[in-house]
Ligand SMILES: Cc1cc2nc3c(=O)[nH]c(=O)nc-3n(C[C@H](O)[C@H](O)[C@H](O)COP(=O)(O)OP(=O)(O)OC[C@H]3O[C@@H](n4cnc5c(N)ncnc54)[C@H](O)[C@@H]3O)c2cc1C
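Numbering (our numbering), first residue to last: 3 to 404.
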């Protein structure tokens with residue numbers, strides 16, 4: 003990756019080097035735009051990401067996936083088990099990717115491997131990068147000025163991929179709507195005695211889902227959603243105690259377990275930016291929307307943001323139009339809002355249906371899963387929409403270059 007000092011001008015400056023930012027930068031470079039990635043090296047992250055089929059296709063198209071493949075496990079089926087002790091319990095339902103003609107719904111990969119593959123591809127493309135944070139961002143009618151420790155960079159368009167506490171979002175004057183849930187996700191990776199057979203197992207308990215997602219070999223990643231106190235207490239147990247407790251909660255489905263180093267606690271919240279773009283600044287990933295880690299939607303939404311924005315920029319460049327013009331930003335906002343909103347609503351409804359003690363809601367949840375289990379076309383439509391939203395498939399997700 004070529005290194006750049008301050009005091010230069012580029013077409014697109016991407017601020018933030020998490021997965022959404024690096025994918026955006028690679029996609030803009032693929033679109034032929036002169037791109038600068040302003041990205042301090044990301045912190046170690048033991049979490050994993052289930053990338054759905056469209057995201058995998060986009061990474062293939064951008065030349066990233068070959069470096070991910072050996073470290074990723076296919077998700078050939080998803081099994082949902084009602085683990086509540088309530089009066090009305092939902093039937094166990096298994097969704098198989100083969101039913102909708104796919105080898106896998108997607109692939110699960112450790113974030114460190116995903117980021118390593120993304121940075122390696124960026125280096126291969128000689129993408130310009132500044133390994134330092136943006137200190138201030140300000141836009142005017144002609145461009146955006148980004149202040150760095152050693153100078154200033156100007157860009158026609160700035161892409162805010164700088165996460166939940168986005169400096170770019172604040173600079174654009176975009177507010178958010180945020181709601182916290184009374185839940186925290188405990189994350190860690192585990193080795194286990196029995197094979198997972200490429201099946202992701204979701205146990206739905208009274209305080210949230212407990213999901214074991216396959217990793218290559220006899221390993222899985224866990225996202226266990228609990229009330230904050232229980233999650234903290236569980237995270238403080240010794241490796242042996244924790245592994246035993248997780249095996250108990252998983253009903254020994256994967257046999258004896260051992261905990262790998264690295265645990266995380268993530269309070270659950272939903273947050274959406276009031277606009278996805280304004281004043282020559284476009285937001286992607288968690289700068290635009292945060293959803294709880296339920297149903298593997300967060301980064302998949304972020305990659306659809308990146309692919310959509312890169313496509314709009316590529317089209318504008320072909321027509322010699324301004325890539326930071328208000329019309330382009332308004333189109334981006336319209337294109338992404340419905341997708342992000344529909345995912346947020348679905349996750350919120352599902353999560354609340356688990357938390358509620360209201361028997362009628364439990365009944366509706368049980369009936370819905372019963373119908374999904376029994377009615378083939380409904381199940382297949384749900385699976386297709388979960389993997390690839392019909393209304394939001396940018397070119398990269400269809401295997402076409404931006
Ligand atoms: C427990 C858990 C499990 C999850 N599982 C899944 C899953 O299975 N599938 C899925 O699709 N999603 C999942 N997600 C969501 C996913 O992890 C996030 O959507 C994703 O990490 C967000 O990526 P991002 O690049 O937008 O933000 P981040 O990863 O937060 O990156 C933002 C980057 O911006 C940088 N930055 C911040 N300020 C500045 C600045 N001023 N200048 C320069 N850089 C800056 C930061 O250093 C950081 O590197 C999960 C989330 C959690 C919490």
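The C-beta atom is built at its ideal place from N, Cα and C for all residues, glycine as well.
This structure is a prediction, so every number in the text was calculated from the model and none was measured.
Residue pairing for residue 109: DSSP places it in a beta bridge opposite 53, 76. Considering only 251, 332, 302, the residue with the shortest C-alpha distance to residue 205 is 251. Around the CB of residue 259, 16 or more other CB atoms lie within 10 Å, so the residue is classed as buried. DSSP, reduced to helix, strand and coil, places residue 59 within a helical segment of the structure shown. DSSP, read as helix, strand or coil, puts residue 322 in coil. Distances from the CB of residue 185 to the heavy atoms of ligand 1 are all 7 Å or more. Distance check between residue 404 and each of 316, 185, 344 places 316 closest, using alpha-carbon atoms only. Inside the region 21-47, DSSP marks whole alpha helix (DSSP H) runs of 4 or more residues at positions 21-32, from first to last along the chain. Judged by DSSP in its simplified three-state form, residue 66 adopts coil rather than helix or strand.
For residue 184, the three-state secondary structure derived from DSSP is strand.
The alpha-carbon separation between residue 291 and residue 55 amounts to approximately 21 Å.
The DSSP assignment places 169-173 as complete runs of the alpha helix (DSSP H) inside the region 147-209, in order along the chain (cut-off: 4 residues). Each residue's CA atom was taken as its position, placing residue 153 and residue 15 some 14 Å apart. Relative to the non-hydrogen atoms of ligand 1, the Cβ of residue 241 never comes closer than 7 Å to any of them.
With distances taken between CA atoms, residue 135 lies nearest to 41 out of 283, 41, 301. Selection 278, 203, 103 evaluated against residue 176 yields 278 as nearest (Cα-Cα). Residue burial is scored here from C-beta neighbours: residue 345 has at least 16 other C-beta atoms within 10 angstroms and is therefore classed as buried.
Between residue 186 and residue 270, the CB-CB gap stays under 8 Å.
Following the DSSP letters along the chain, one finds residue 285 inside the beta strand (DSSP E) bounded by residues 283-285. In this structure, residue 215 and residue 59 do not form a Cβ contact; the two beta carbons are roughly 20 Å apart against a cut-off of 8 Å.
Distance between residue 335 and residue 207, taken at the CA atoms: about 36 Å. Of all C-beta pairs linking the region 95-104 to the region 235-249, fewer than three are shorter than 8 Å, placing the two stretches out of contact.
Distances from the alpha-carbon of residue 141 to those of 172, 167, 123, 112 put 172 closest. Set against 7 Å, the gap from the CB of residue 164 to the closest heavy atom of ligand 1 is smaller. 22 is the residue among 168, 285, 193, 22 whose C-alpha sits nearest the C-alpha of residue 53.
Between the region 28-37 and the region 296-316, the count of Cβ pairs shorter than 8 Å is three or higher; the stretches touch.
Between residue 129 and residue 39 the beta-carbon gap is near 6 Å, inside 8 Å, which marks them as a contact. With a cutoff of 8 Å on beta-carbon distance, residue 47 and residue 113 are scored as near each other. Per DSSP, reduced to three states, the secondary structure at residue 338 is helical. Separation of the CB atoms of residue 70 and residue 61 is rounded to 7 Å, and the pair is thereby assigned contact status at 8 Å.
Within the DSSP secondary-structure output, residue 274 pairs in a beta bridge with 179, 291.
Residue 118 and residue 19 have their C-alpha atoms some 11 Å from each other. Counting other Cβ atoms within 10 Å of its Cβ, residue 160 reaches 16 or more and is therefore classed as buried. Distances taken from the Cβ of residue 14 to the heavy atoms of ligand 1 include none shorter than 7 Å. Residue 209 sits close to residue 228, with the two beta carbons spaced by under 8 Å. Counting along the chain, the unbroken alpha helix (DSSP H) around residue 242 starts and ends at 241-251.
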